[in-house]
Amino acid sequence: MTDEELTSLLLEMESDRVERKESLSSPDRVRQAICAFANDLPNHQMPGVLYIGVKNDGACANLPITDELLKQLADMRDDGNILPLPAMTVQVKSIRGCEMAVVVVSPSHSPPVRYQGRVWVRIGPRRAIASIEDERRLSEKRRSGDLPYDLHALPSASIDEMDLDLFKRSYLPAAISSDVLENNQRSDEDQLLSLRFVSLQTPKCPTVVGMLVIGKSPADHVYGAFVQFLRIDGTALTDPIVSRKELHGPAVELLQRLDDVLEANINVATTIDGTSVEGKQPDYPLAALQQLVRNAVMHRDYQSSNAPTRITWFNDRIEIQNPGGPFGQVTRSNFGRPGITDYRNPHVAEALRNLGFVQRFGVGIEIARKTLTENGNPELTFSVEDNHILATVRNRS
Numbered sequence: 010m011t012d013e014e015l016t017s018l019l020l021e022m023e024s025d026r027v028e029r030k031e032s033l034s035s036p037d038r039v040r041q042a043i044c045a046f047a048n049d050l051p052n053h054q055m056p057g058v059l060y061i062g063v064k065n066d067g068a069c070a071n072l073p074i075t076d077e078l079l080k081q082l083a084d085m086r087d088d089g090n091i092l093p094l095p096a097m098t099v100q101v102k103s104i105r106g107c108e109m110a111v112v113v114v115s116p117s118h119s120p121p122v123r124y125q126g127r128v129w130v131r132i133g134p135r136r137a138i139a140s141i142e143d144e145r146r147l148s149e150k151r152r153s154g155d156l157p158y159d160l161h162a163l164p165s166a167s168i169d170e171m172d173l174d175l176f177k178r179s180y181l182p183a184a185i186s187s188d189v190l191e192n193n194q195r196s197d198e199d200q201l202l203s204l205r206f207v208s209l210q211t212p213k214c215p216t217v218v219g220m221l222v223i224g225k226s227p228a229d230h231v232y233g234a235f236v237q238f239l240r241i242d243g244t245a246l247t248d249p250i251v252s253r254k255e256l257h258g259p260a261v262e263l264l265q266r267l268d269d270v271l272e273a274n275i276n277v278a279t280t281i282d283g284t285s286v287e288g289k290q291p292d293y294p295l296a297a298l299q300q301l302v303r304n305a306v307m308h309r310d311y312q313s314s315n316a317p318t319r320i321t322w323f324n325d326r327i328e329i330q331n332p333g334g335p336f337g338q339v340t341r342s343n344f345g346r347p348g349i350t351d352y353r354n355p356h357v358a359e360a361l362r363n364l365g366f367v368q369r370f371g372v373g374i375e376i377a378r379k380t381l382t383e384n385g386n387p388e389l390t391f392s393v394e395d396n397h398i399l400a401t402v403r404n405r406s
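Count along the sequence shown starting at 1, add 9, and that's the number in our numbering.
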């Protein structure tokens, strides 16, 4: 937005596109406002703006705009509380002699957007939790032509191929706040639609993310949606195979099985230091491997490749190979750099966050690096190509 547009909006009374805050004393309310602007219930198809450092009447609050304040605001995009991730910018502006922080939030392409499991909307100058009818309207606003692939419909599949018991038992309580569920009057179809697990068109059918998360057999319709594990007794693919597994199933079961496989293959050495205290040192830290394989499942290319995510466990290293190269603002030259992230599958990312497999977006590689260093493993390396990414983790010994 131009400085003229920002000035004009600032001078307006608060509306469904404008909110002013004297300070960041209530981060919860700021996140609610970001969520509401992203939902754009009035369908302005224009950004909403939060002005931090301005009083309700538009007067300057003389708030110091520090780097820490800007970081707190920027972190609201990636901390996993607002899902799917909002498109927003944070910047410092001086308007009519008043320095302030300005948060510009673009309408989401795939509403409804939730903050901690609740759909917030803007109704005139006030925020409110969306009604059932509001959620239906938001679902109907989704654009079709420019949706990410994980929201595409799968006409070859039917809702009968989705595990509704898993949906109600595992996913709903993780994605929707408990008070909203207690007052739930939504049908199964409305719930699936609101969470983007079924398509808008009639007859209803699963979306890609719906099939990946609660499909009974996701790889039947999203080819390559499984993980291939190979344990080799040696350092080359031509060496003897110790074990081979193909891990299938909906996301929560797939990743839980994968955790079991990783843990079973880690070798833990027992040592006794000078104080006769027994210590245990794994050849690979489980937490680092979890970050890397979950990143692989979240970021892989499900659209143009039928190849699975492959984990090859050699005697001296582990290779994790993933279909799909860098995406969006991530390039071959900046891959793995802190703060540079983008999402080929934003709704798969949302689902993994809801299920607890992702705690915070954009830090998985950094956590893996830190954990490997603390365990004494060599540096994590990547081979980044246009159509695949290979992560190599080397044995600490």
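Positions of the beta carbon are idealized from the N, C-alpha and C atoms, including for glycine. Remember, it's a predicted structure, so these values are computed and weren't measured experimentally.
About 5 Å separates the beta carbon of N331 from that of I398, a gap short enough to meet the 8 Å contact definition. When DSSP states are grouped into helix, strand and coil, E191 belongs to the helix group. Taking all protein chains in view, the Cβ of V339 is crowded by 16 or more other Cβ atoms within 10 Å, so the residue is classified as buried. Secondary structure of P355 (DSSP, three-state): helix.
The beta carbon of A297 lies closer than 6 Å to those of A377, T380, L381 in the same chain, with the five residues before and after it left out.
By the neighbour-count criterion, in which a residue is buried when 16 or more other Cβ atoms sit within 10 angstroms of its Cβ, L163 is buried. The alpha-carbon of Y232 is positioned some 26 Å away from that of Q200. Residue state for R341 is assigned as coil, using DSSP reduced to three classes. Taking the C-beta atoms as reference points, K254 is found nearer than 8 Å to V270. Between the region 201-213 and the region 231-245, the count of C-beta pairs closer than 8 Å stays below three; the two stretches do not touch. Proximity to T16 across P387, G106, I43 peaks at G106, based on C-alpha coordinates. Taking C-beta atoms under 8 Å as the contact rule, V130 and N52 fail to qualify, at a distance of about 11 Å. Between R127 and I138 a beta carbon distance of about 5 Å is seen, short of the 8 Å cut, so the two are scored as contacting. Between the alpha carbons of D310 and G333 lies a distance of about 5 Å. According to DSSP, F238 shares a beta bridge with K254, I320. In terms of CA proximity to A110, L72 leads the group P95, N90, L72.
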